[in-house]
């Protein structure tokens, strides 16, 4: 396997991970908003914190893609 083909596969895998992380983050933000509206503050803060961690992971993966 050539180096450019391997780099392309790695880039595709990283993009797929970022898409999955962002989709899960959107779900968590929805749960956090609903929890805030129903006065379940512990659940709301927990999901908000996990969402921030997922954002950091997605940002790290995207930084990996930059040359």
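Residue numbers (my numbering): 926 to 992.
We treat Cβ as the ideally placed atom computed from N, Cα and C, and that holds for glycine.
Small disclaimer: the values here were computed from a predicted structure and weren't measured.
In the DSSP assignment, find the unbroken alpha helix (DSSP H) run with residue i in it and report its ends.
i           : result
residue 991 : Neither: residue 991 is in no alpha helix (DSSP H) and is coded neither H nor E.
Between which residues of its own chain and residue i is the CB-CB distance below 6 Å, once the five residues before and five after are set aside?
i           : result
residue 956 : 972
residue 986 : 939, 942, 943
State the Cα-Cα distance for the pair residue i and residue j, rounded to the nearest angstrom.
i           : j           : result
residue 960 : residue 978 : 19 Å
residue 963 : residue 969 : 9 Å
residue 967 : residue 930 : 46 Å
residue 933 : residue 974 : 33 Å
Less than 7 Å between C-beta atoms, sequence neighbours within five positions excluded: which residues of the same chain meet that for residue i?
i           : result
residue 980 : 950
residue 936 : 990
Nearest CA to the CA of residue i: which residue from the options?
i           : options            : result
residue 947 : 929, 989, 984      : 984
residue 954 : 988, 990, 976, 989 : 976
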